[in-house]
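Residue numbers (our numbering): 21 to 522.
Here a beta-carbon is modelled for each residue, glycine too, at the ideal position from N, C-alpha and C.
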Amino acid sequence: MYQSTTAFGTLVQQDSRTFKCLLTYGETSITTVRSIKFTGGSEGEDDFSLGSTMSQYIEVTIPGKGLVVEGTEMLLQIGMDVNGKTEYIPMGYFTAGKPQKADDQITFTAYDRMMNTERTFSMDGTTTNTVAVLKQIADITGVPVVTSGLTAISIKVPKGYSCREVLSYVAQLHGAFAVCNRRGQIELHTYVDSDYKVKTSRYWGNFEHNDYAFDVSKFVCFTGQDKNGKSISIFSGSGARSVSFSNPFMTQTVLNNILASFKNFSYMPGTLKMMGDPRLDPWDILTVADLSGNTYKVPIMKLDWEYDGGLTYSVEAVGLSEEETNADYKGPQTKEMERYYAQLVMIDRAMINKLDVETAKITYASIKELDVVKENAEEINAKKANIDLANVNNAWIEKGVLKDGSIGSAAIHEGAVTNAKIADATIEAAKIKSINADSIVAGTIKTERLIITGPDGQDSIVKAINIANGVSEAEVNGQKIQAASIDVVDLSAFRLRLLSLI
21 MYQSTTAFGT LVQQDSRTFK CLLTYGETSI TTVRSIKFTG GSEGEDDFSL
71 GSTMSQYIEV TIPGKGLVVE GTEMLLQIGM DVNGKTEYIP MGYFTAGKPQ
121 KADDQITFTA YDRMMNTERT FSMDGTTTNT VAVLKQIADI TGVPVVTSGL
171 TAISIKVPKG YSCREVLSYV AQLHGAFAVC NRRGQIELHT YVDSDYKVKT
221 SRYWGNFEHN DYAFDVSKFV CFTGQDKNGK SISIFSGSGA RSVSFSNPFM
271 TQTVLNNILA SFKNFSYMPG TLKMMGDPRL DPWDILTVAD LSGNTYKVPI
321 MKLDWEYDGG LTYSVEAVGL SEEETNADYK GPQTKEMERY YAQLVMIDRA
371 MINKLDVETA KITYASIKEL DVVKENAEEI NAKKANIDLA NVNNAWIEKG
421 VLKDGSIGSA AIHEGAVTNA KIADATIEAA KIKSINADSI VAGTIKTERL
471 IITGPDGQDS IVKAINIANG VSEAEVNGQK IQAASIDVVD LSAFRLRLLS
521 LI
């Protein structure tokens, strides 16, 4: 049971409660969740078992059309306003599948990290222990696995199993089940009495339950087959009511220890619909009172809850009676196949480590990384593409930045060029603000104003032309002049020098 503040614990036990829901992933926070349905717990069958590996999931409805959630892992939190501040309780990490969009809302299903264990288990060596195996599962799947507090049990290295199968076998060896906790870690757990009392005012209708409590008095484990194909089994305990399962790594000593750990374990199978409490975990044992004043220990083996501003829990503790067990007996292979089938029914997608397929017709696929030798596609939508070489017949580019390019022929309607080096250009018409040129060859130059100076910026084009034609020049006030003739009406001069006067 999650440890909240005392104030939260007091408020959640009130008759009138208003909850808040928060979904976060990356920099995105969603506080406008309309509804959530949660399905999970610690037990996937209708009878008590060891080694379950339940994958819990949520069905979410939120407003909005443009929100992208597919393939994102999000943290789910449920909270209440306590003393002016919102206190949130983490509920776990879930990865969203393909959403369904209708009108102004989005609906999607998201699974916890147990889904990542559907991968092939591999480990070097021939012998190992359960703690080392759990750490290897964490390395393969990328999902943290809690190993603190576990006593390592020696086993052979599992070969030919998925990580989820191996996780189930290891959980059985420890007399436990495996579940993803609130922090997204895989954890082996047994049922714990949380001293959480459920009074008649906290649930609707009656507490429906069996006539007798469920006690674990005998375990039967099928460990394999002999050379004739007959099942080999070991057992611990006595009594007509037994719990049977298959585990190729089980030993008699380990099985005896498991039975001893359940010596005082007794509960009442039943169902009830109660006012929800986000602090409860799928390993908590509730103390439920009935209308007659009797109390029963009820572990949360199956848990469904719904949020829509309020919070409602549906709790079930499974367990067949002795008569139901004997009437519905199944062999180890049948029970194993039913367990796998139950997992496939609940899971609407597969996570495969390696797949070799000759031909596949797939309507929809979400792929994180894809290596393709050759691809034929009619249409591709991409946000970013890194391409070493591209041969394109026709291309429409709205905005482009070319670091280095060679264009054979181009028709450019409008362009702004910062710097250009052109070997040869034919220009029909040009408006040029400034030209720096060593040589200009032109047929006709038409201009309103033309100023041409020499290299020193002083000599005019007239001087250059006179020098070229051999015309002499004179000097006035230190300035050299030349002219074919000068007509003077009146001349005043401080000093005048004439070489000749005619």
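Classification of V412 by the beta-carbon crowding that lies within 10 angstroms, buried from 16 upward
exposed
Put N149 into one of helix, strand or coil per three-state DSSP.
strand
If you scan the stretch 75 to 130 from start to end, which runs of the beta strand (DSSP E) of 3 or more residues do you find wholly inside it?
77 to 83, 93 to 102, 105 to 116 and 120 to 122
Alpha carbon of I278 to alpha carbon of Q245, nearest angstrom:
23 Å
Going by the DSSP bridge assignment, what does L187 pair with across the sheet?
Answer is none; L187 lacks a bridge partner.
Could you check whether the stretch 298 to 314 touches the stretch 265 to 279, counting it as contact only if at least three pairs of C-beta atoms, one from each stretch, sit closer than 8 Å?
no
For the candidate residues K155, S429 and G339, whose alpha-carbon lies nearest to that of V236?
G339
Check whether V335 and M294 have beta carbons under 8 Å apart
yes
For D368 and P119, I'd like the C-alpha separation in whole angstroms.
Unreliable placement is indicated for D368, whose pLDDT of 41 sits below 50; the coordinate value is still reported in the next sentence. Distance between the alpha carbons of D368 and P119 is about 13 Å.
Excluding the five sequence neighbours on either side, which residues of its own chain have a C-beta within less than 6 Å of the C-beta of E326, listed in chain order?
K57 and T332
When the Cα atoms are used, what is the spatial distance from G61 to A397?
44 Å
Considering only the alpha carbon of each residue, which of T48, I442, T26 and D101 lies closest to T38?
D101
Measuring straight from C-alpha to C-alpha, what distance separates S182 and G204?
20 Å
Would you mind working out which of V166, S454, T26 and P178 sits nearest N103, comparing C-alpha positions?
T26
P110 and R222: beta carbons closer than 8 Å?
no
Determine the extent of the beta strand (DSSP E) in which V212 is found, giving its start and end residues.
V212 to V218
Using DSSP with H/G/I as helix, E/B as strand and the rest coil, what is K283?
coil
When DSSP builds the beta bridges, which residues end up paired with A309?
T315
Just the Cα atoms here: how many angstroms apart are F255 and I400?
60 Å
Do the stretch 89 to 98 and the stretch 26 to 36 touch if we need at least three Cβ pairs shorter than 8 Å?
no
By a C-beta neighbour count over all protein chains shown, 10 Å radius and 16 as the cutoff for buried, is A402 buried or exposed?
exposed
I need the DSSP call for Q245, collapsed to helix, strand or coil.
strand
T48 - partner residues in DSSP beta bridges
Y45
When the Cα of R54 is compared with those of A152, E79, F68 and T106, which residue comes out closest?
E79
Status (buried if at least 16 other CB within 10 Å, exposed otherwise) for W224:
exposed
Assigned exposure category for L364 - 16 Cβ within 10 Å defines buried:
For L364, the predicted structure reports a pLDDT of 49, less than 50, and the residue's modelled location is therefore unreliable. The matter cannot be settled from this model.
Based on Cα-Cα distance, which residue from G29, P164, D424 and G195 lies nearest to K283?
G195
How would you write the range of the beta strand (DSSP E) that F18 sits in, first residue to last?
Since the first and last residues shown for the chain are 21 and 522, residue 18 lies out of range.
If R133 and Y113 are in contact, beta carbons under 8 Å, what's the gap, nearest whole angstrom?
6 Å
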